[in-house]
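What follows is a single structure, written as structure tokens, with notes after it.
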Amino acid sequence: MTPLQAPHAPAGAETRRADTVPQAATPVPASRRVRTTAGLAGRYLLLALVFALTVGPFLWQLSTSLKGNGERVFGYPPQLVPSRPTLHHYAEVLDTVPVLKFAGNSLLVALGSVLTNCLLGSMAGYALARMRFRGRALAAGVFLATMIIPFESIMVSEFLVARSLHLTDTLLGVMLPGAASGLSVMLMRNAFRRLPAEIEEAAILDGAGEWTRFRRIALPSVRGTLAAVAIFSFVFSWDDFLWPLVSLSDQGKYTLTIGIQYLSGTFTNDQRVIAAGTMMAVVPLLALFFALQRFFFRGVGEGAVKG
Amino acid sequence: MTGRRWYVPWLFLLPALAVAVCFFIVPFANTAVLSFTNASTLGGGTFTGGHNYARLLHDDQFWQSVRNTLLYTAIVVPCLVVLPLLLAVLVQKRIAGIGFFRAVFYSPVVASMVVAGLIWSWLLSSDGLVNSVLRGLHLVAAPVPFLTDARLLLFSAMAMTVWKGLGYYMVVYLAALANVPRSLLEAAEVDGAGAPRRFFHVTLPLVRPTMVLVATLAAIGSAKVFAEVYTLSDGSAGPGGEARTLVYTIREVGLGLGGEAGYASAMSIVLFLGTLGLSVAVTRLNSREERA
Numbered sequence: 001m002t003p004l005q006a007p008h009a010p011a012g013a014e015t016r017r018a019d020t021v022p023q024a025a026t027p028v029p030a031s032r033r034v035r036t037t038a039g040l041a042g043r044y045l046l047l048a049l050v051f052a053l054t055v056g057p058f059l060w061q062l063s064t065s066l067k068g069n070g071e072r073v074f075g076y077p078p079q080l081v082p083s084r085p086t087l088h089h090y091a092e093v094l095d096t097v098p099v100l101k102f103a104g105n106s107l108l109v110a111l112g113s114v115l116t117n118c119l120l121g122s123m124a125g126y127a128l129a130r131m132r133f134r135g136r137a138l139a140a141g142v143f144l145a146t147m148i149i150p151f152e153s154i155m156v157s158e159f160l161v162a163r164s165l166h167l168t169d170t171l172l173g174v175m176l177p178g179a180a181s182g183l184s185v186m187l188m189r190n191a192f193r194r195l196p197a198e199i200e201e202a203a204i205l206d207g208a209g210e211w212t213r214f215r216r217i218a219l220p221s222v223r224g225t226l227a228a229v230a231i232f233s234f235v236f237s238w239d240d241f242l243w244p245l246v247s248l249s250d251q252g253k254y255t256l257t258i259g260i261q262y263l264s265g266t267f268t269n270d271q272r273v274i275a276a277g278t279m280m281a282v283v284p285l286l287a288l289f290f291a292l293q294r295f296f297f298r299g300v301g302e303g304a305v306k307g
Numbered sequence: 308m309t310g311r312r313w314y315v316p317w318l319f320l321l322p323a324l325a326v327a328v329c330f331f332i333v334p335f336a337n338t339a340v341l342s343f344t345n346a347s348t349l350g351g352g353t354f355t356g357g358h359n360y361a362r363l364l365h366d367d368q369f370w371q372s373v374r375n376t377l378l379y380t381a382i383v384v385p386c387l388v389v390l391p392l393l394l395a396v397l398v399q400k401r402i403a404g405i406g407f408f409r410a411v412f413y414s415p416v417v418a419s420m421v422v423a424g425l426i427w428s429w430l431l432s433s434d435g436l437v438n439s440v441l442r443g444l445h446l447v448a449a450p451v452p453f454l455t456d457a458r459l460l461l462f463s464a465m466a467m468t469v470w471k472g473l474g475y476y477m478v479v480y481l482a483a484l485a486n487v488p489r490s491l492l493e494a495a496e497v498d499g500a501g502a503p504r505r506f507f508h509v510t511l512p513l514v515r516p517t518m519v520l521v522a523t524l525a526a527i528g529s530a531k532v533f534a535e536v537y538t539l540s541d542g543s544a545g546p547g548g549e550a551r552t553l554v555y556t557i558r559e560v561g562l563g564l565g566g567e568a569g570y571a572s573a574m575s576i577v578l579f580l581g582t583l584g585l586s587v588a589v590t591r592l593n594s595r596e597e598r599a
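Those protein sequences? They're chains A and B, same order as listed. Going by my numbering, the first sequence opens with residue 1, and the numbers climb by one from there. Going by my numbering, the second sequence opens with residue 308, and the numbers climb by one from there.
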């Protein structure tokens, strides 16, 4: 059975390191110490530069959203810190556009997607990883195919399917196509594969049925991957733009991404209001990310390298 | 596991399979069939053989969108293969505060494309930040039409894609860099190899498979580009829709009242074959290189 180890740790890396690295520390020459310090300073300089490039646009938008009506948002030199910060534009967004309603729709769809991907994805992944049966390769092939077929290439038919099932203009219809993504199934399958057989064998001796073993033993052992699947489903669903754009025409059903786009169409004359709306869409997600970042990184590592 | 009944695995698989079949396999098969008909979004349609595909050959809008998409791919993919690798090398070393920097560099990935589009359209608009700085420094006399010139709009969308993708691929590369045995790097250092030599002769060959993976993912992503161009241009894809991408054209042709579902399906099949071809090509190129 596969050993319980980090998926990417090369076997024997530890021993090789011990073999080749001389244990006795050789004195570091002064010239090299200077070079290291300079190297470190250069490294931080580069980090600061990339920092400015990656969060700069967010900060600029935040600053714009807080600037008062009399304050200059155009012109040179640009002013990052608002001189009279106000939350007025946030109130204006809430007054004119049902942002909270849009956010509620997005939340409903995203939570539904989290629930189904965790449940359906782990059930399917468990069967693919721990059971031997005729047709397993075919079932795995179907999930792989969903990862290879770009959604964009089937969106016209997807719309026709959704319409024939009376799912267009419903939040259920927004959620269902992503309810059990191939990525979720494959991530869960890989996680279940890494479990040692012994823990299950004990449960079989105790007479536990398949479902009990899945729910009581296997599922709790893969909580880390389950968390990654949950977060990824949430973010994919929350950020999705094309499918809601195609399937929704009723404004009351808009999700936040579509709603925000609509906001920019309505308020093209006041950048501060658009900025406020943008911030309302992105800040909760950024907060979620910074709170749970290690799961994000785990998900990317496993999804891209192993999937 | 002897006493299990044959249907038990299928009970575990059924819900997820149902979703995959209903919303991927069936629509895909339907797309293939529709591409040989003159169906509209309202329904109906009769078999027209290869007419849709023949029509594509003489459709200027289609070719324009293919050219734009290819240009997009040709520029974005090399950027997303190289820049995130350099970034990963930069943040790989465990120095004070590096976890914070990694998280911050990843944050654009978390923002939705619409949010990114709104932020960037504000940065790049004719009276936006970039233009006011360029004009303030007297680098340009008139505002640069980043969003209103079709070609520049495409380049703006490329810049935004790279900005948004950097962090994602950085994490992918970090996982690969963690697998480069330190002993090899240390041995090279003992042999007198400087940092650049160690990078090119030890690290690079070992992360090459990851570079192929990133190239494949980035190429497939670029072939599907839509939201970037759509949001930066408020849905117009530039003046006269000249910056339209393949997905943009599929949506324009195939959806909405009286949309030509059959014709758009033929374009969709081209898109599918294109993404498939891209991933096969990238993998092929790599294996040939390894044999050489």
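Each residue gets a CB set at the ideal place from its N, CA and C atoms; glycine is no exception. Quantities reported herein were computed from a predicted structural model and do not represent experimental measurements.
Within 10 angstroms of the Cβ of isoleucine 402 of chain B, are there 16 or more other Cβ atoms? Answer buried if so, exposed if not. Exposed: under 16 other Cβ atoms inside 10 Å.
Within 8 Å (strictly less), CB to CB, does aspartate 250 of chain A reach chain B? So no, aspartate 250 of chain A is outside the interface.
Where aspartate 19 of chain A sits in the DSSP three-state scheme: Confidence at aspartate 19 of chain A is low in this model, with a pLDDT of 40, below 50, so the placement of that residue is unreliable and no value is reported for it.
For proline 450 of chain B and aspartate 434 of chain B, the rounded distance between their alpha carbons: Going by the C-alpha atoms only, they are around 7 Å apart.
Just to confirm, are valine 560 of chain B and glutamate 567 of chain B a CB contact at a threshold of 8 Å? Against a cut-off of 8 Å, the Cβ pair of glutamate 567 of chain B and valine 560 of chain B comes out as a contact.
At least one CB of chain A closer than 8 Å to the CB of threonine 538 of chain B: is that the case? Answer yes: the Cβ-Cβ gap between threonine 538 of chain B and chain A drops below 8 Å somewhere.
Supposed close pair glycine 472 of chain B, alanine 525 of chain B - CB separation, criterion 8 Å: Right, their Cβ atoms sit about 7 Å apart.
Could you name the residues of the same chain whose beta carbon sits closer than 6 Å to that of glycine 112 of chain A, not counting the 5 residues immediately before and after it, in chain order? The residues are Met175.
Rounded straight-line distance, which links the Cα of valine 536 of chain B to that of valine 587 of chain B: Between the alpha carbons of valine 587 of chain B and valine 536 of chain B lies a gap of roughly 26 Å.
Tyrosine 262 of chain A at chain E interface by Cβ criterion, 8 Å: No chain E is part of this structure, whose protein chains are labelled A and B.
Judging by CA-CA distance, which residue of A/Val282, A/Met279, A/Phe297 and A/Val156 is the nearest neighbour of leucine 245 of chain A? The candidate whose alpha carbon is nearest that of leucine 245 of chain A is A/Val156.
Let's see if you can read the secondary structure: which residues bound the alpha helix (DSSP H) around glutamine 261 of chain A? Under the DSSP assignment, glutamine 261 of chain A falls in the alpha helix (DSSP H) whose first and last residues are 256-266.
Range of the contiguous alpha helix (DSSP H) that encloses asparagine 438 of chain B: From DSSP, the alpha helix (DSSP H) with asparagine 438 of chain B extends over 436-443.
The alpha helix (DSSP H) with tryptophan 427 of chain B in it runs from where to where? In the DSSP assignment, tryptophan 427 of chain B falls within the alpha helix (DSSP H) that extends over 420-431.
Compute the distance between the beta-carbons of phenylalanine 506 of chain B and proline 177 of chain A, then report whether it is under 8 Å. When the beta-carbon positions are compared, phenylalanine 506 of chain B and proline 177 of chain A stay at least 8 Å from each other.
Does any residue of chain B have a CB that is nearer than 8 Å to the CB of glutamate 152 of chain A? Taking Cβ atoms only, chain B reaches closer than 8 Å to glutamate 152 of chain A, which makes this a yes.
Which class does glycine 350 of chain B belong to by DSSP, given the choice of helix, strand or coil? The answer is strand: DSSP assigns glycine 350 of chain B an E or B state.
Looking at chain A, which residues of the stretch 375-395 of chain B have a Cβ within less than 7 Å of any of its Cβ atoms? Answer set for the stretch 375-395 of chain B: Leu394.
Considering Cα atoms alone, identify which of A/Lys67, A/Val50, A/Leu45 and A/Phe51 is closest to glutamine 271 of chain A. Checking every option, the nearest Cα to that of glutamine 271 of chain A belongs to A/Lys67.
Could you run through the stretch 433-456 of chain B and flag, in chain order, every residue whose CB is less than 7 Å away from some CB of chain A? Per Cβ criterion, the list reads Asp434, Leu436, Ser439, Val440, Arg442 and Gly443.
What first and last residue would you give for the alpha helix (DSSP H) that runs through tryptophan 370 of chain B? Boundaries of the alpha helix (DSSP H) around tryptophan 370 of chain B: 367-399.
Any chain A beta carbon closer than 8 Å to leucine 578 of chain B: Yes, because at least one Cβ of chain A sits closer than 8 Å to the Cβ of leucine 578 of chain B.
Using a Cβ-Cβ cut-off of less than 9 Å, give me the residues of the stretch 171-189 of chain A that come near chain B, in sequence order. For the stretch 171-189 of chain A, residues whose beta-carbon sits nearer than 9 Å to a beta-carbon of chain B comprise Leu176, Pro177, Gly178, Ala179, Ala180, Ser181, Gly182, Ser184 and Val185.
Looking at C-alpha atoms only, which residue of B/His445, B/Ala395 and B/Leu441 is the closest neighbour of tyrosine 475 of chain B? The closest CA to that of tyrosine 475 of chain B, considering only B/His445, B/Ala395 and B/Leu441, is found on B/Ala395.
To the nearest angstrom, how far is it from the Cα of glycine 406 of chain B to the Cα of serine 347 of chain B? Each residue's CA atom was taken as its position, placing glycine 406 of chain B and serine 347 of chain B some 53 Å apart.
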